[in-house]
Structures are given as C-alpha cells and as structure tokens.
C-alpha cells in the first residue's frame, strides 16, 4: 500500500528503484560538485561521486536480492561495477597527476585560473 | 424539483444578493447628508453585508445541507465506471431505477434531471447533472426566441460561493472601517502634486467608498446567482464598472486613473470575445439558460444549455445538437456535405462551433480573471485602496472569471479545455516569474494572484473541476488574508516598498504571524501524502495530482504536467522572499521601523478570522463529514466524471478527475509538490533569511533575466507598441491626412515620380544586390564572432553545459520525436 | 547470393562450437573458452597484441637501461609497423569483401570488415604519427618512452572502441583512448597553456565519462544485458510503439531514451559534437600540434566507428535464420558461448535482412528513429556551430579545432543517413557507411598534413598565429602549396579529394530522404559555403599577403618537407583518382548487411 | 504495524549516510572536510553493496576506493594544501544555477527511477525466500571468461549475452600500465633541465 508510506517504510523490502534514487542523488551531487567546486581536487571528488552513483545502479540492477526476474543484469552488474572501480582508480591517478602538473605551472589549484584558453 | 426547497433557497439568496444593493441605494441618497465625517456609510454597508453573510450561511447549513446530505468522501466506487463506458445510451427505465437509489431524497418524482450526489449511484460511465434549482424571477423581455430574464441557478457551488464572498466581504468591510479612517476628515493626498507645488487637498470620501463596496458585492453576487449567460454578462459588466470606480478611488492620482482605465479597457477586450461566444451559443442553441425551466408538475418547459449539449440519451457526453450542426454548416463550413450526428466515428460536426463558443466565453474569463495575455491590468489595480485589492483579488472580480469557467464547464469541448489549460499554464508561469523580482509588497501579491488564478484555470482545463473550484475557495481566504496583512503593514510603515521594510516581526506580531499563515497556505504547506496541512495544501495537491493524471494520459503534453510543479517552487520562493524581506532580518530603514506600529483591533481581528479559515477551510469537520470538496462534489457538472477524448484532436484525453486520486499518482505528485515547495522555501531562506547567497550578486549574475522579469516580460511595452502606439499613430495620421495630404497630393505625385527612379537605383542596385551579398556575409561573420563568446574558457561552466546539454537534448528530442 | 551465404555460414560454423545442452559442465565450458580464445579470438587480435607487446617492451627497455641501443622511437615504429602488417590481410585488401562478422572474446568484441578497415586505418595513422613525432622532435630521447607508450596505449583503446560489442567495452575503450590523451595534451610539462589544456580535457572527459557510465547503467538495467546484439534483440521484442501509447510503459521508453542519450554524451564528447565540444578548441590550442593531429584524426575515426557500432548494434537485429541453422546442425544443439556466432551480429545473413526490409512493422524502427533524430540534430548543430565559430580565430590550431568540430558533424550526418536507411534499404546503408569510411581516410591525410605543417612551422617560427603565416608562399613554396591544397580540400571543392566523400555523404542523405534528413542535407550544403570563408582567409594570408619584415627566413629541412609531401599528396591524387579509396571502402562495407 | 525488516532499515541508514555526506561534499567549502565526507559517503555505499548481495564488490569498494583512491586524493590535498586553497568560495549566482540544474536533473532521474515497474520492490515474503549467494567464485570465474552463473540458462537468446570478462580483465592491466606511466611522467620532476645542464657541462 502506498497510501501510508511511512507505515511500511521499514517493514517492506526495498526495490531497485530505491537504489536508483540513491544513485541519482549521488550522481547529481557529483555533477554539481564538478560544476561548483573551484578546487580541482574537489572536482575530482565530484567525479568519484558520479562514478559511484552509476556503480550503485549497476549493483542494484544486477542484484538478485532486490529484483528476481529474467531481465536482471545478473552477475554482469557486479562485474561491470568492479571494472568501473578499477577504471575509476586509474582515472583518479591520471587526473591527480594532471592537477598537480597544473598546480606546478600555475601555482594554484583553482580551476577558475584555467582561463587563458577561450573564444 | 423540490419546490419548497427551491423557493426557500432562492428567497434567501435573493435577499442576500439584494441587500447590498439596498445599502448602495441608502448610502447614495443619505450618505452625503449624514455628513462627511460620520461613519454612517461604513456601518450601513458592514451591517448589510453581515446580514447577507448570515443569510448565506443559513442557506447553506439550514436549507441546503439538510436537503442534500453529503456523500462519503471516498471515491473508490468510481473506478468501476470506466468499464461501462461502452454504454452509450441509457434506457429511461434503467434511469428511473437508478434514480431510486439516489441520495437526494427531495425530488423522487423528477425523472429527467436534478440528480443529487455525484455519480456513486449511477452505474454507467458518466455522472448525472448535479442537484440544482433553476428559475426565473422576472422576465425583462422576449424578443422572438431570445428571452432575457433575471433568474437564478442554485447548486452547491452557488451556495458555497455566496458564503465565501459574503464572509470575505464582511471581513473586508470591518477591516476597511479601520483602514479608511483617513477619509473621515479632509484628506491630503501626498501623491498628487498640484501645479502650484502643494499637495492636493480634498474632502474625505469615506461613505462613497462603502457605497461602491456595496455595489461591488451586489454585482459579484449577481454573477454568482445568475441563471443565464445574459444575466451573467450584465453583472459581469457591473463588476467591471465597480472595479473601475474602486481602482480609481484616488482618481486625482494619475496612476490610479490610468490603472482604472486600463482595467476597464483590458476587460472590454475579453468581453468582446465573450460576446462572440454568446452569439455563437444563442444562434445555435436558442437559449442562454443554464438550467431547465420546469412547470409546477416538474415537466421540462425549456431546455437549458447543459441539458441540450449533454442529454441523458447520450449518456451525458458532450455532443453537438442538430441545431449546432446546422448552424456550423451554415456559418463555418457551408460547403461541408452536411455531416450529421449519426456518424459518431468521424463526427466533427458542430464541434468547431462549440469550440468557438467555449473559447469565446472563456475570453471573457481571461479578461476578468487576468489570465495571460490580458493579465496586465491586475497589478496596476493595486492603485486602489488595499481593502479593495483584497476583495478584488480574493472573492470578487477575478474569482468571477474562474467561477464562470466552472459554471459553464459542461459546455466546454475537450479542445476548448486544452486552450484553457494552456492559458492557465502560461499565466501561472509568467506571473510567478515576475513576482520573483517585484519589490512592491502588493505587486508581489498581485502577481501571485494571477499565478494562482492560472493554477485554477489550469486545473479546470485539465479536467480537475473540483480541484479548480476548491482552489478558488481556499485561495480566496488566504489571498484575502495576505492582502489585508500587507495592507496592515502598509498602514504601519506607510510604504509599499519591501526594500524599506525588514524586521517588522517584532513591531507588528499579529500581522506577521497571520501573514505567515497566509504564506504557508499559499505554498500548500502540509505533511506530504497524509496531511494535515494548510488549506492550500489540499487544493494545490489536488491540482497537481490532476495535472499528473493528465500528463500520464497525454504524454505529449508534458509541459502541462510539469508547470504546476515548477509553479509551486516559484510560489514558495517569492512568498517567503516577501515574508523574510518584510518581517525577518534587520530593519533596512530605521526611520520607518521606528514609526511602525501594529494596526488597530478592527483590522487585526479580521486577519485572525481569515487566518483560521486559511488554515482550516480544506479540513474535514470532525464528526460530520462536512468538507469543502464533498460539498463541491455535489455541484460537479454533468458529464465530467468520464474519461473523455477530444473530437477535433483525437489524441487528447481528459482523464476522469477521480482517477487522479489513485495512490500512485497521489504519492508521486504529493512528494513532488512537497519537495519543490520545500526547496523554494529553502532557497528563499538561503538568500533572504540566512544571507548565505548575496541577492545583489545574484542580480548581477542574472542581469538580463532580472531586467526581463523586473520589466514584467515587457508586456506593457509590448502592448504599448502593438496596440496603443498604432492606435495613436492611426489617429494622428488621420488628422495629418486631413490637413496635409489632400493639398500636397499634386506636388507629391511629381516628387514621387522623380524619387522612384532614384529609389530603384538605390534599392535594387546598391542596397539589394550589393547589400544582400555583404549583408549575409556580415551577419554570418557577426554570428561566428558571437558564437565564440560561448566558449568562455571557464571549466566549471563547461561541466555545467554537459548537464544542461543532456537535459535540454532530452527535452528537445522528446518534442522532435512527436512532431516527426 | 543464397549459395554464397550457405558457404559463409559453413565456414563460420567450423569456427564456432556447438555443444549439446545435456553435457554442459564446467569442463566443457573451459574447453570451449580455450578454443574460442586461442583459436578464434587471439589470431584476430594479433595486431593489438603487437601493440601491447611494444608497450611492455618499451617499459622493459627502460628497466634494463638500454635505451641507447633501442631508442623508443625505433621500438614504437617497428611495433606499429608490425601491428599494421599483421592487420593487413595477406591476400590483399580486396579480401575484406569475403570477411564476415564474428564475435570474439565471448562477445566482448566484434570482428568484421568494418573493423578490419578501421584498424588498418588506425594503425597506419599510428605509423605516420610516430614518424611525425620523431621529425618534430616532440618526443626526445628521455621522454620518448612515455610519449610513445601513451600514443600506443591510446591507439589500443581506439581499436577496442572500434570493435566494441558490449557496453563495458565501449566504456573501457573510451577510457583507454581518453586517459592517455589527457596526458598527451599536457605532454609539454612546463607550459602553462599545455597544463591548462590537459586539465580541461581531463576533467571534461571525466565528467562526460561519468554521465555516459550512468547512461550505460540505465540502459543495461532496463534491458537486462550489456551485450549489444542481445540488447537489440530485447529491444526488438519489446513493442516500443505500443509502449509509448500506454502511460505506464511509456516511462520505460523514457528511461531507455535517457540511457541512450547519456550514452550518446560520451560518444559526443569523443566526437567533440556540439554541445559537448567545449573541451575541443581549448585543448587543441593548448596542446601541441602533433597531439591535435592525433585527437582530430584517430580519436574521431574511432569514435565514429563506435557511433556506427552503437547505432547499428542497437537499431538493427538479424533474426536467427532458423531454417538454415537447422540444416547445418541437428536440432538438439544449442550454442553455449557466443564466440563467432554469426546470427547474433549484423552478419551477412539474408534471411534476417529480408525481415528488416519489410520496413514499417519493424519493432526496432522507434530505436532507429530516436538515434537518427539525435544524431541528425547534433550533426547539424555541430557542423554549423563549428564552421561559424571558426570565423575570426587567430590561432591556426584553434581554427582547426572548430574545423574538426564541423567535420565531425558532417561525418555524423553519414551515420544518421546509414541508420535511417538500415530499416528499408541495407544496400544504401552500406553506401552511406562506405562514404563515411572514405571521408575518414581522406580526412586523415588532410588533417595530418595540416597539423604536420603547423608543427614544423612552429618549430621554425615559434608561432601558431595565422597572421604570422603571411607570405609563406615566397619563403617555403612547397609547404605553402600543400597547405593551400589541404585547405581547399577541407572546404570540399571538386578537384581535390575532400570533395568526393562530401558528395557521397550528401548522396546518401538524399537517398535516406524524409523531412529531417533533407533538412540535414540543406544544412550540410549551406555549411560548405560557410566554411569557405575561413579556410580561404588562411589561404589568402599564406599566398597573397606580403611577408612581414620582422620574420627571418623560414626553411624546413628536407625530411619535414618530404613528410609533408608524402602525407598531403594523396589529397591531390585521390582528388583526381578517387576510385582506389572508394573501392576499398566499398569492399569493406560490401557485406556488412545484405 | 508489522515487524521491522532489517535489511530495509539498514538500507535507509546507509543511504541516508551516503546521501547526506554526498550533499556535505557538495556544500562544504573546506577541501579537507570534503575529503572526509567523501570517505564516509563511499564507505556507506559499500554497505549498500553488501545489502544488495554484492559482497565481493562491496569489499573491493572499501579496499580500492576508500583505501586506495581516496588516499591518493588526500595525498593530493596535502600536496596542494596552501592556506588560500583550503577554502574557495563559489559566486552566489553559480550556486543558484547549479541548484536549478541539479533540481531538474534530480527530478528527471527520480522520474526514471520510478518509471520501470520491474524496479519496484518485492513482497516481503518473496524477498525473505531468496537465498543469499556467494558471489566471489562466480565473479572470479567470470573474470576468467567462464560464466558459471549462466550454466542453466535455458533461454537461448539470452545465452548470447553471457559474456566472459577475460579480455577486459587482461586489457585493463595494459591500460593501468599505460596510465601509470603517463601519471608518473606528469607527476615527476622535470628532468630536461638537468640534462641540458649536463650537456653544457660535458
């Protein structure tokens, strides 16, 4: 019954859509982080949030606990999430190196200082 | 028809309606002679409207409810109806049998119409006409088949409107007794400067104010009780004239007289459309009457508009009658091969005419209810005294338009409803955005009124009749409250400008907290899904639910689904911006703050009374099952409970309103409404309460947007350019033509001949041929240079554009996919 | 045709393995995996393995400190040439006509004639690019390892992009191609602009990748698979048209559409298509010209191939030719793994294409429509935006960046046309793809030549401003003439090579028809006129403007001039004799679909 | 009221923690705090993974993300942590724009989350009947290219999608190699000058 959601909030199992909603929140926070943080490292943190939002989706879609039908992503979900974690680590390494390189050249970590190339 | 009840109700309401007229007449003749400094006029008018209110409430509780008990609020039985929608004709016998189970006990004998309740008792697709009492008091005249009468059409909506109008008018009257005390002695109008540099001094006009107020109430009640479109039109115009008087109450002020003129003229534009609609109606149906006229035995003598268009034989579905089809074939498509009703599959016969009639009538409502594009008059109507604004914005005038739309509802085709919905949607969004930047406290409220009226129209257009009328009722209370609070503030600090207020919470607590109640009511504050909440919570959620239900059945009209949600956000933002700027924070103008004071009791008591209603009008009364929606359900127009499909636009589906209470929709819509409203309040708090974001910085960032909104989308300028300037031009040209052209025509012709050759050379060779090439190159070059500016070099903006690009592309492709 | 089909199928079936369902156990699974990997996939994967080997080798060389004897340039050159040699079919390019599509690595990648062509293209570019890097000296001996590792790593990623058959491989390929490119953009460590370009590229790319990953998750989550042909089959089993009508299921379509759109964001980022192009001009300007060439040619080619993969993979499904299978195999067998399984890809199977040709009732037509609308809109906007914004640029690299955006838009039009045609006329769809392949090939020579000239001139003049090229025709006529030819070819004027692919793209747009694509056609035509202005402006500066007095003599060495000649002569040669490239491309696409 | 279903309780707990700290990352202006919030948010996401039955990936999330990637990030924070970069304010206008964009994006994504009927939750009885499976072995086999989890898949059309991840598993290592070389190249001090000095000496 959806009439009184609070009454059943804790007594009913959650579904994939709950996970997707959490993922959406993380994704949005991450994107906004990227768009508002002036500290390049803050932007990197935003990227991590974005990737985690997507990862949560993969896990949810592949979970047989949340959803047990034919169209479930199954183990593919977990495998993909795992590779995403690895790729995210690689990406973080490169982005950090690039940020440090930027820092060395500009003596600042403020992405708003990256404004020489425009037009 | 139950004769006894009918005569009782009609008598009661007639007195409630006529008493203000009496008051008007009394003050007209006696007001001046009782002396300019006496409060006689005020007391008469207030007393009279109090009597009217008493009569109206007696009519509701003493006569209507005992005769028409309320149904249970649950609509669960409605869902089964859809299955029976195949049934297209109902046998009279079955109809009679159904009737026996009906809840309205008073009129067992009537077989043709007047069924009470709202469809629970019927087991076919569509609901029957609501319980109503129709009759004529006086026949003005009969011209051929055109009969003009003064009559009544009373159903639950009429009674409710009477109670609402008289109640609010009473509050306004009491309030005005205090507010207008300046007018008791000679009045120095500080805003009018005479040629010798002094301010205008004039005798007070206390009595005249109440005289107009009484007339205003009389006219409004006349619109509400009117039994036919012609009578509506008469009182409609009377309302317009009264508003002209009241808005222009400070007639010496240039702005006031201009505003009064503007209100009057803009309304005439709408009325022109209404006249067209009336002509279309009368020429095709031959009547203006809403209800069916019966003789003493209950036999129908003359059929009204509704029963003609939605006959029982056709299961109360809207269908053009033979006369309409004939008229359309004669007027609109004379060449059509006489398509007739017998061809239900591809039947567009008569629909165009009905569409025109509906949209025409609605044009009048556009003007009166200040809908886009005729909304420009309402903010200027702020020039009137605040009690007038309160009355105009809540119970009268603007309510008249929505009321008429609701009253005329059975005759609107789905396509006309779509027009209504679109107009409402545009109004709602445009007005709300303008309210964001306005700094005049009354102006913010004025735009909020327009926006809320847009909500009502949207709801009606989407098929949410109860939702729309419910919002009309609740809005009347909280908007009246808000306006009177703002009046109290203005009374206290003597300015309209919010940038000079701030921190007034401590100086005028009653005003502040009653206004907070109003703000919470207008944003629809309440605990999502389960309630309880302020009155606005119920009505706004009903509208949003209907919008979602509509959006689900019409995926291609998604904008109508999202507009109320977006509107809820903006509403919450600007209302709390207003409240914070006025009452919270530090005083911005210490001088005004020091002189501020709470208003006298005669003004604050009405505030408290209204705030009680603003909280509770949406609630269900304990023990009894009395609540506003149930009462409105009793008046649900005939044939609106089925999911209907457009005829001219077959993909258009108007969903059954009860479907919108389905848990899935209620849940999603409720949360969406709550979260948007909450985030609106949050944003307002961030900016204006906690000062985390600097409004000036924001203004700087969004400069073009701000000036666009600040100038009210440049509607006034636009209309000035399109309508006013050409008119002026034409008149000037005409006079110029008279004096000059005739004389110089000979000389001119010679000059023209010489000039032509030069022009041909200049235009074709120089400008056109050379200029085309150069011009296009120049334009593309400039465009290219301009496009470079998008590449700002700011990384964070680039990231922002990823998201914007995604969302915009998603929306764009949804649209393109539908069109291709 | 039918006879030919049968033969193809039989040869294919010998590579695949069909195991009786009863005997499925872990042992047989591992067996089949081994045979699939060792017998089918790895032989087809040899060129990529060569690149991997080169990368590892370069690392080893550094570890054992014998760079002096084995300079990284030589290693990279040899490695890429070996890879290219392995990629070329031993019996000549014409052999591709016989090549059929098959899945490798248990369905992760797909190998077909399209990929074979694109791989040769990418590896040939890698060879040319390695030479260019050495000639311009961007990879000096110390950092050469790093530089060439990154270039080869990115090339490997592009190969995976071009053959992706699984949503994860799409993401992986894009990441593999992007991450080294981020570093390459900042390869000149000490320059402020270079580091800024690299930062912008990296963060923008990461953002786009995040959005794309989210889209992939939605898409995979709704359909329940990440394997492109499976997704296509699932989509075709949904009745999208009917789902759109009902309110509840239309929201599923909405999820699909959003997922597809977000997936498209990642592709559009790689393609630098408007509105996801913002990184492109800044990166091109900030990075060195060589990297610009790499990004504008190889990266775009891989991204376009991926776009075709996605469009065709999702919008076209070959029905299983049950009848033919039944003849070849006993009815009891079932495929356990997917390797080399012809029916699941868009292989040359007539039975399927007949079904597709029935047209209107095709369940996938909404998917294709969505794709076509999306790509067509983005293509039009990109093309127009790129051409307009190139006006008034003063930096030649930045101008080429906008030109790249415009050309990417133009090439995307061909993809739109191909996918639109797929539903009703596979022959013309193949023509559209072949037009795209020709475009890519010609574009390689045009842009590589242009960027090589820019890089060489930068070494000589220390400037990349257009105005500094004034009067170049007098100081180094060969380069100036080649540059002029390249620019005219970029406009697409008839005597030069750039004309032909544009013509063929327009032709296929015309074939595709429909209001949207005809609009695209018109926009494409207008854009050719618009682009004339800024290309001709450069030509005017080079050929007509007087030489500034301040500039010293500009003289490129023999090798650079020779390189420029080698790279840009095809622009003239193919302009006069367009048939060679066209033939290859036609062969590459001949049997993509029937 | 029925008894509490504990997985749901923990779901709400973890999701509340991860969402609120994600919002914290967004709103905090101090970079050190952001890093701290991010650790908490990602760690509780690992909890969500466990609740969804993905124990192995959850463990990886903690080890690689919380243990590895974040340490890297914090390392970067320390390297660049001069006083003036600790707190950097974003202009108000951009916050408002971001607010609107975020709200619309979130609205869209929530709509998406609600859109698919198959994504709604199961009945409690149904959910309680599901046995928890260990995922480490199937994942390991999947990485080697053998999908033991799909052995009994009878639907032939779905068998096609049962891809083994051997190739990706292997190619990612090459990718990591390339990426690390690139990152090391950018991060290490410039050697060019030294060599030029050397050249001038010799």
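Chains as they are written, first to last, in the numbering used here: chain B, 1 to 119; chain E, 120 to 939; chain X, 940 to 1533; chain V, 1534 to 1735. Note that the Cβ used here is the ideal one computed from N, Cα and C, for glycine as well.
Asked: Kindly list, in the order they appear in chain B, the residues whose Cβ is closer than 7 Å to that of residue 918/E.; Found: 34 and 35
Asked: Taking Cβ to Cβ, would you say residue 1606/V is nearer than 8 Å to residue 44/B?; Found: yes
Asked: Got a sec? Which residues, its chain only, sit under 6 Å from residue 1565/X by beta carbon, not counting five neighbours each side?; Found: The requested residue 1565/X is not part of the displayed model; chain X covers only 940 to 1533.
Asked: Assign residue 470/E to buried or exposed, taking buried as 16 or more other Cβ atoms, counted over all protein chains shown, within 10 Å of its Cβ.; Found: buried
Asked: Say whether chain X places a C-beta atom closer than 8 Å to the C-beta of residue 413/E.; Found: no
Asked: Can you pull the chain B residues whose beta carbon is under 7 Å from the beta carbon of residue 914/E, in chain order?; Found: 111 and 114
Asked: Against residue 870/E, what residues of chain B qualify as contacts under a CB-to-CB distance less than 8 Å, listed in chain order?; Found: Result: empty, since nearest Cβ-Cβ is about 51 Å, beyond 8 Å.
Asked: Secondary structure at residue 1413/X, three-state DSSP: helix, strand or coil?; Found: helix
Asked: For residue 889/X, which residues from the same chain have a beta carbon less than 8 Å from its beta carbon, with the 5 sequence-adjacent residues on both sides left out?; Found: Lying before the first or after the last residue shown, residue 889/X is absent from chain X, which here runs from 940 to 1533.
Asked: Tell me which residues of the region 1606-1619 of chain V have at least one Cβ-Cβ distance to chain E shorter than 8 Å, keeping chain order.; Found: none
Asked: Opposite residue 1453/X in the DSSP bridges: which residues?; Found: None; residue 1453/X has no bridge partner.
Asked: Comparing alpha-carbon positions, which option in 664/E, 503/E and 845/E lies nearest residue 373/E?; Found: 503/E
Asked: Flag residue 922/E as yes if its beta-carbon sits less than 8 Å from any beta-carbon of chain B, otherwise no.; Found: yes
Asked: Taking DSSP as the reference, what is the three-state secondary structure of residue 1163/X?; Found: coil
Asked: Flag residue 99/B as yes when its Cβ comes closer than 7 Å to any non-hydrogen atom of the ligand NAP, and as no otherwise.; Found: For the ligand NAP, the structure offers nothing, since it holds no ligand at all.
Asked: In the DSSP assignment, the alpha helix (DSSP H) including residue 1536/V goes from what residue to what residue?; Found: Per DSSP, residue 1536/V belongs to no alpha helix (DSSP H) and is neither H nor E.
Asked: On the premise that residue 336/E lies in contact with residue 288/E, defined as a C-beta separation below 8 Å, what is that separation, rounded to the nearest angstrom?; Found: 5 Å
Asked: For residue 911/E, decide whether its Cβ has a neighbour in chain B, counting only Cβ atoms nearer than 8 Å.; Found: yes
Asked: Check the Cβ of residue 1157/X against every Cβ in chain B and list those closer than 8 Å, keeping chain order.; Found: 57
Asked: Please identify, using Cβ separations under 9 Å, the residues of the region 1203-1219 of chain X that lie next to chain B, in order along the chain.; Found: none
Asked: Is there at least one Cβ from chain X nearer than 8 Å to residue 1539/V's Cβ?; Found: no
Asked: How many whole angstroms separate the CB atoms of residue 1335/X and residue 1393/X, which I take to be in contact at a CB cut-off of 8 Å?; Found: 6 Å
Asked: If you follow the alpha helix (DSSP H) that residue 1718/V is part of, which residue opens it and which one closes it?; Found: 1699-1720
Asked: Kindly indicate if chain V contains any beta-carbon less than 8 Å away from that of residue 60/B.; Found: yes
Asked: Below 9 Å between beta carbons is the criterion; list the residues of the region 366-398 of chain E that meet it against any residue of chain X, in chain order.; Found: none
Asked: Might you give, ordered along the chain, the residues of its own chain that have their beta carbon closer than 8 Å to the beta carbon of residue 650/E, omitting 5 neighbours on each side?; Found: 656 and 657
Asked: What's the gap between the Cα of residue 728/E and the Cα of residue 804/E?; Found: 28 Å
Asked: Taking Cβ to Cβ, would you say residue 569/E is nearer than 8 Å to residue 1309/X?; Found: no
Asked: Indicate whether at least one CB of chain V lies closer than 8 Å to the CB of residue 695/E.; Found: no
Asked: Please tell me whether residue 1652/V has its Cβ less than 8 Å away from any Cβ of chain E.; Found: no
Asked: Pick helix, strand or coil for residue 255/E, following the three-state DSSP scheme.; Found: strand
Asked: Shorter than 8 Å from the beta carbon of residue 105/B to some beta carbon of chain V?; Found: no
Asked: So, is the C-beta of residue 1545/V closer than 8 Å to a C-beta in chain E?; Found: no
Asked: Buried or exposed: residue 774/E, going by 16 or more other Cβ atoms within 10 Å of its Cβ?; Found: buried
Asked: Mind pulling the alpha helix (DSSP H) runs of 4 or more residues that sit fully within the region 30-75 of chain B?; Found: 40-62
Asked: Going along the chain, which residues of its own chain have a beta-carbon closer than 6 Å to the beta-carbon of residue 193/E, five neighbours each way excluded?; Found: A caution first: residue 193/E carries a pLDDT of 44, below 50, which makes its placement in the model unreliable, though a value can still be read off. Cβ neighbours of residue 193/E beyond the five flanking positions: none.
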